[in-house]
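K.L.:
Okay, here's the structure, questions in a sec.
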Amino acid sequence: MIKLRSVALLASALAGTSVILAGCGTSTSPSAPTSAKAPASIGNAAVVGLPAQVSLNWFFPIMPATAYSVYNNQTEFNMYVPLISVTSQDKLDYSRSLASSITANSNGTVYTINLNHKYRWSNGTPVTSADVVWTTQLLMYSSNTSNSKLPWMNGGAGIGGLPTRWKSVKADGPYKVIVTLNTPSNPAWFIRNGLGQIVPAPKSVWDIHKNMINEMNFIKSVGNSPQLSYYKVVDGPFKYDAALSKPNNQYWTFVPNKSFDGQKASIGKLVYDYFTSSTSEFSSLQKGTINVGYLPFHLYKERSKLTQDKFAAAYPFGFNYFVVNYNSAAPGHFGTLIKNPYARQALQMGIDQAAMIRSFANGLGTPSIGPVPSKPLTPYFDQSLTNAYPYNPSAGKKLLLAHGFKLTNGVMTKNGIPFKFTLMYATGSTLITDEVQLLKQDLAAEGIDVTLEGEPFDSVISNNQSTASKWQALFWGGGWSYEPDYFPTGGGLFATNAGSNTGGYSNSTLDSLIKTTYEPGTGAQIISRMYAYQTFVAKHLPVIFMPEAEQYFENANYVHGVMKNYNPVLNLNWPNSWTITH
Numbered sequence: 002m003i004k005l006r007s008v009a010l011l012a013s014a015l016a017g018t019s020v021i022l023a024g025c026g027t028s029t030s031p032s033a034p035t036s037a038k039a040p041a042s043i044g045n046a047a048v049v050g051l052p053a054q055v056s057l058n059w060f061f062p063i064m065p066a067t068a069y070s071v072y073n074n075q076t077e078f079n080m081y082v083p084l085i086s087v088t089s090q091d092k093l094d095y096s097r098s099l100a101s102s103i104t105a106n107s108n109g110t111v112y113t114i115n116l117n118h119k120y121r122w123s124n125g126t127p128v129t130s131a132d133v134v135w136t137t138q139l140l141m142y143s144s145n146t147s148n149s150k151l152p153w154m155n156g157g158a159g160i161g162g163l164p165t166r167w168k169s170v171k172a173d174g175p176y177k178v179i180v181t182l183n184t185p186s187n188p189a190w191f192i193r194n195g196l197g198q199i200v201p202a203p204k205s206v207w208d209i210h211k212n213m214i215n216e217m218n219f220i221k222s223v224g225n226s227p228q229l230s231y232y233k234v235v236d237g238p239f240k241y242d243a244a245l246s247k248p249n250n251q252y253w254t255f256v257p258n259k260s261f262d263g264q265k266a267s268i269g270k271l272v273y274d275y276f277t278s279s280t281s282e283f284s285s286l287q288k289g290t291i292n293v294g295y296l297p298f299h300l301y302k303e304r305s306k307l308t309q310d311k312f313a314a315a316y317p318f319g320f321n322y323f324v325v326n327y328n329s330a331a332p333g334h335f336g337t338l339i340k341n342p343y344a345r346q347a348l349q350m351g352i353d354q355a356a357m358i359r360s361f362a363n364g365l366g367t368p369s370i371g372p373v374p375s376k377p378l379t380p381y382f383d384q385s386l387t388n389a390y391p392y393n394p395s396a397g398k399k400l401l402l403a404h405g406f407k408l409t410n411g412v413m414t415k416n417g418i419p420f421k422f423t424l425m426y427a428t429g430s431t432l433i434t435d436e437v438q439l440l441k442q443d444l445a446a447e448g449i450d451v452t453l454e455g456e457p458f459d460s461v462i463s464n465n466q467s468t469a470s471k472w473q474a475l476f477w478g479g480g481w482s483y484e485p486d487y488f489p490t491g492g493g494l495f496a497t498n499a500g501s502n503t504g505g506y507s508n509s510t511l512d513s514l515i516k517t518t519y520e521p522g523t524g525a526q527i528i529s530r531m532y533a534y535q536t537f538v539a540k541h542l543p544v545i546f547m548p549e550a551e552q553y554f555e556n557a558n559y560v561h562g563v564m565k566n567y568n569p570v571l572n573l574n575w576p577n578s579w580t581i582t583h
């Protein structure tokens, strides 16, 4: 989701407000000499500014949909080694993975995972197949959308065939795991989107209740309590240290895990700082009280004032959109109305993506026209794809009239039901606020009445089908970024009952198209299936596309390696590779 993760993480994440600095598509503003040293007040700490009104709120390495964000994902990778990682070119990166190799049988149903013997938990015990198997079983269980008793659902349910394609996961000795599927599958898809979701937790610490429902209830009770002893045992480069959780004054501090078996951190502390507004973060960058952060879109022209920083811009690996609620319980009969394709088409024709990019994103952006990102360009993006419903409010209005709507008191109405809805959007970003204001104005020209309701980011993404009676449309600003579904298809987002299918969209044709992208085949067949999938989404509009803006990043000149170690596919950084000049 935001980007999420794909929530994918939930997303990319809040557009223009990622905490990490891009390593591609960069440009540098006037800055002080790179020999500048850290101020005494910061010392050897990397102090990272979180986007406005965004907090860290989940620490266990399987995340529910309500906390499935790129920011929690960054924390997860700081504390735990993923089973697999990928490079910035979306290739398997065994140097940062718990797995040392993965092989598949001829039809892609059996995957043999060999584990790197070097990794240990911070209590000195080795990371073994038992940890991988237990975490995977919990992942599979928490992805079962048909189980109404689940206290929370894995945000990645549906991604990588979870859980319907997964037949079994078994240990074959202490350092080998065998995952068996019930259907032949495309290994490139399954390794990235299925096995890529596995981030093992220490079984000896967490497997307390010997019952999955009780275990999930327990995890729910401690998921946002990293100060508890369960989180002291990690295998990643950092350990949780402390936090301040007062309203409007929050931070989370991590310290190096001295027993980490990869590249050990040279920085003394890693601090994530909460901000109530993007302006206050800019002020902190100026003062030097934070040394890694983001540049708000509306302050782009002020970047030269950050004389001690480096500037960069880059696209996340995703696309942007807002969610509409298809559920029949949606207020004002909105779910019934929005299920009509023409209603969504009219909405899309009222979105002036070009104007939003030009006026609010300093021209540094690209329209979203489908679910596969065009920037950075991936071979899975169909370059012949065009915007199926370009900005044209007059055509949108005619479309509604042609389907029986009449303008009543300035609002399109049919069978007594007005085309009106409340769009809940994430506050804290001037870009998002400006975009929704223009959206409201343009849709009014079609006779569509939009009420804007600003809420903190965490509040916006916490809405889903379990709260379907409380909302009509959601815009958190960053859409979807493809992690951990590094193979950019829609199983976790658009498939019926998928974990991050926030709006409850369901279409049997699209379900079938998505499934074909999972099937084994030649390179040409795989590309063809991906093109068919994205063409259907572009035309059928399960979500309403919004522009994808480049994200702006800043880091102090004395913090080195930030740009170099940013991975746009993962949409996260490796702070253990940063250094600070003293």
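So the sequence shown is residues 2 to 583, counted in our numbering.
Quick reminder that beta carbons are idealized off the backbone N, C-alpha and C, glycines included.
Since the structure is predicted, the reported quantities are computational estimates derived from the model, not experimental observations.
Ignore the nearest five residues each way along the sequence and tell me which others in G505's own chain have a CB closer than 6 Å to its CB.
P.N.:
Working through the sequence shown from its first residue, we reach residue 505 at position 504. Once the five neighbours on either side are set aside, the close Cβ partners of G505 are Y327, N328, Q466.
K.L.:
Can you confirm whether the stretch 270 to 290 touches the stretch 60 to 71 when touching is taken to mean that 3 or more C-beta pairs between the two stretches lie within less than 8 Å?
P.N.:
As far as the Cβ criterion goes, the stretch 60 to 71 does not touch the stretch 270 to 290, which means the pair count is below three.
K.L.:
Give the range of the alpha helix (DSSP H) segment to which Y142 is assigned.
P.N.:
Along the sequence shown, read from residue 1 onward, the residue named residue 142 stands at position 141. Here the alpha helix (DSSP H) through Y142 covers 130 to 142.
K.L.:
What whole-angstrom Cβ distance do A330 and A469 have, given they're in contact under 8 Å?
P.N.:
In the sequence shown, residue 330 corresponds to position 329, counting from 1. In the sequence shown, residue 469 corresponds to position 468, counting from 1. Correct: roughly 5 Å between the Cβ atoms.
K.L.:
Got a sec, what are the start and stop residues for the beta strand (DSSP E) E454 sits in?
P.N.:
Counted from its first residue, the sequence shown places residue 454 at position 453. 450 to 456 is the span of the beta strand (DSSP E), which, as asked, contains E454.
K.L.:
Evaluate S86 with the Cβ neighbour count: other Cβ atoms within 10 Å of its Cβ, from every protein chain shown; 16 or more gives buried, anything less gives exposed.
P.N.:
Counted from its first residue, the sequence shown places residue 86 at position 85. Per the 10 Å Cβ criterion, buried.
K.L.:
Measuring CB to CB, does A619 end up less than 9 Å from V272?
P.N.:
For residue 619 there is no data in the structure shown, the boundaries of the chain being 2 and 583.
K.L.:
Closest to A314 by C-alpha separation, out of G351, L365, N321, would be which residue?
P.N.:
If you number the sequence shown from 1, residue 314 lands on position 313. Closest by alpha carbon: L365.
K.L.:
Please say whether K265 and N568 have beta carbons closer to each other than 9 Å?
P.N.:
Along the sequence shown, one-based indexing puts residue 568 at 567. Along the sequence shown, one-based indexing puts residue 265 at 264. Not in contact: N568 and K265 (Cβ atoms no closer than 9 Å).
K.L.:
Considering only residues of the same chain and omitting the five flanking positions on each side of T110, which have a CB-CB separation below 6 Å?
P.N.:
Translated into positions along the sequence shown, residue 110 becomes position 109. For T110, where only same-chain residues beyond five positions count, the Cβ hits under 6 Å are L182, P185.
K.L.:
So, helix, strand or coil for M547, using DSSP?
P.N.:
Start at 1 with the first residue of the sequence shown, and residue 547 comes out as number 546. M547 falls in the strand class under three-state DSSP.
K.L.:
Return the CA-CA distance between A39 and Y120, expressed in angstroms with no decimal places.
P.N.:
One-based indexing of the sequence shown puts residue 39 at position 38. One-based indexing of the sequence shown puts residue 120 at position 119. Roughly 33 Å separates the two Cα atoms.
K.L.:
Nearest to L245 by CA position, among P227, N258, G237, is which residue?
P.N.:
By 1-based counting over the sequence shown, the position of residue 245 is 244. Of the candidates P227, N258, G237, the one whose C-alpha sits nearest the C-alpha of L245 is P227.
K.L.:
Pull the bridge partners of Y553 from the DSSP assignment, please.
P.N.:
For the purposes of this step, residue 553 is taken as residue 552 along the sequence shown, with counting starting at 1. DSSP output for Y553 lists A314 as bridge partner(s).
K.L.:
Let me confirm a value: Q90 is counted as buried when at least 16 other C-beta atoms fall within 10 Å, else exposed. Which label applies?
P.N.:
Taking the sequence shown and counting its residues from 1, the one referred to as residue 90 is at position 89. So Q90 ends up on the exposed side.
K.L.:
Which residue marks the beginning of the beta strand (DSSP E) containing N115, and which one marks its end?
P.N.:
Within the sequence shown, numbered from 1, the residue matching residue 115 stands at position 114. First-last of the beta strand (DSSP E) with N115: 111 to 116.
K.L.:
Thinking A446 and P485 are a contact (beta carbons under 8 Å), I'd like their distance in whole angstroms, please.
P.N.:
Counting from 1 along the sequence shown, the entry for residue 446 is found at position 445. Counting from 1 along the sequence shown, the entry for residue 485 is found at position 484. Actually they are not in contact, since the Cβ atoms of A446 and P485 sit about 40 Å apart, beyond 8 Å.
K.L.:
If you run the structure through DSSP and keep just helix, strand and coil, what is N73?
P.N.:
Counting from one through the sequence shown, the residue named residue 73 turns up at place 72. DSSP places N73 in helix when its eight states are reduced to three.
K.L.:
Are L93 and I192 close, meaning C-beta to C-beta below 9 Å?
P.N.:
Numbered from its first residue, the sequence shown carries residue 93 at position 92. Numbered from its first residue, the sequence shown carries residue 192 at position 191. Going by C-beta atoms, L93 is nearer than 9 Å to I192.
K.L.:
Give the DSSP-derived three-state secondary structure of F298 in the structure shown.
P.N.:
Against the sequence shown, residue 298 aligns to sequence position 297. F298 falls in the helix class under three-state DSSP.
K.L.:
Which partner residues does H334 have in the DSSP bridge list?
P.N.:
Locating residue 334 in the sequence shown gives position 333, counting from the first residue. BP columns for H334 are empty, so no partner.
K.L.:
Buried or exposed for K171, please, with buried defined as at least 16 other CB atoms from any protein chain shown within 10 angstroms of its CB.
P.N.:
Within the sequence shown, numbered from 1, the residue matching residue 171 stands at position 170. Its Cβ having fewer than 16 others within 10 Å, K171 is exposed.
K.L.:
For A525, is the classification buried or exposed, using 16 other Cβ atoms within 10 angstroms of its Cβ as the cut-off for buried?
P.N.:
Position 524 of the sequence shown holds residue 525. Per the 10 Å Cβ criterion, exposed.
K.L.:
According to the Cβ coordinates, are W575 and I268 closer than 9 Å?
P.N.:
For the purposes of this step, residue 575 is identified with residue 574 of the sequence shown, where counting begins at 1. For the purposes of this step, residue 268 is identified with residue 267 of the sequence shown, where counting begins at 1. In this structure, I268 does not lie closer than 9 Å to W575 by Cβ.
K.L.:
If P419 sits next to N388, beta carbons under 8 Å apart, how far is it from one beta carbon to the other, in whole angstroms?
P.N.:
Looking up residue 419 in the sequence shown gives position 418. Looking up residue 388 in the sequence shown gives position 387. So it is not a contact: roughly 28 Å between Cβ atoms.
K.L.:
Pick from F554, A557, S513: whose alpha carbon is nearest that of L537?
P.N.:
Reading the sequence shown from its first residue, position 536 is the one you call residue 537. For clarity, residue 537 is Phe in the given sequence; the question names Leu instead. The option with the nearest alpha carbon to F537 is S513.
K.L.:
Who are the near neighbours of L338 in its chain, counting only those whose CB is closer than 7 Å to its CB and skipping five residues on each side?
P.N.:
In the sequence shown, counting from the first residue as 1, residue 338 sits at position 337. So the qualifying residues of the chain are A344, I418, F420.
K.L.:
Along the alpha helix (DSSP H) that carries K204, what are the first and last residues, could you check?
P.N.:
Taking the sequence shown and counting its residues from 1, one reaches residue 204 at position 203. Unbroken alpha helix (DSSP H) run through K204: 204 to 207.
K.L.:
Using the Cα positions of Y392 and D450, report the straight-line distance between them to the nearest angstrom.
P.N.:
One-based indexing of the sequence shown puts residue 392 at position 391. One-based indexing of the sequence shown puts residue 450 at position 449. Straight-line Cα distance between these residues: approximately 17 Å.
K.L.:
Buried or exposed: where does T409 fall if 16 or more other Cβ atoms within 10 Å of its Cβ makes it buried?
P.N.:
As a first step, residue 409 must be located in the sequence shown, where it is residue number 408. By the 10 Å Cβ count, T409 comes out exposed.
K.L.:
Would you mind working out which of V200, N225, E216, G429 sits nearest L296, comparing C-alpha positions?
P.N.:
Against the sequence shown, residue 296 aligns to sequence position 295. It is G429 whose Cα lies nearest to the Cα of L296.
K.L.:
Can you tell me which of N155, T165, Q309 puts its alpha carbon nearest to the alpha carbon of N502?
P.N.:
As a working note, residue 502 is residue 501 in the sequence shown. The option with the nearest alpha carbon to N502 is N155.
K.L.:
Assuming W135 and D236 are in contact, meaning their beta carbons sit under 8 Å apart, how far apart are those beta carbons, in whole angstroms?
P.N.:
Start at 1 with the first residue of the sequence shown, and residue 135 comes out as number 134. Start at 1 with the first residue of the sequence shown, and residue 236 comes out as number 235. About 14 Å separates the two Cβ atoms, so there is no contact after all.
K.L.:
State the DSSP-derived secondary structure class of T277, mapped to helix, strand or coil.
P.N.:
Here residue 277 refers to the residue found at position 276 of the sequence shown. Three-state result, T277: coil.
K.L.:
Fully enclosed by the stretch 496 to 531, which alpha helix (DSSP H) runs are 4 residues long or longer?
P.N.:
With a minimum length of 4 residues, the continuous alpha helix (DSSP H) runs that stay inside the stretch 496 to 531 are 509 to 517.
K.L.:
Whose C-beta lies closer than 8 Å to the C-beta of T126 among residues of the same chain, with five residues either side of it excluded?
P.N.:
Here residue 126 refers to the residue found at position 125 of the sequence shown. Excluding residues within five positions, the ones whose Cβ falls inside 8 Å are P203, S205.
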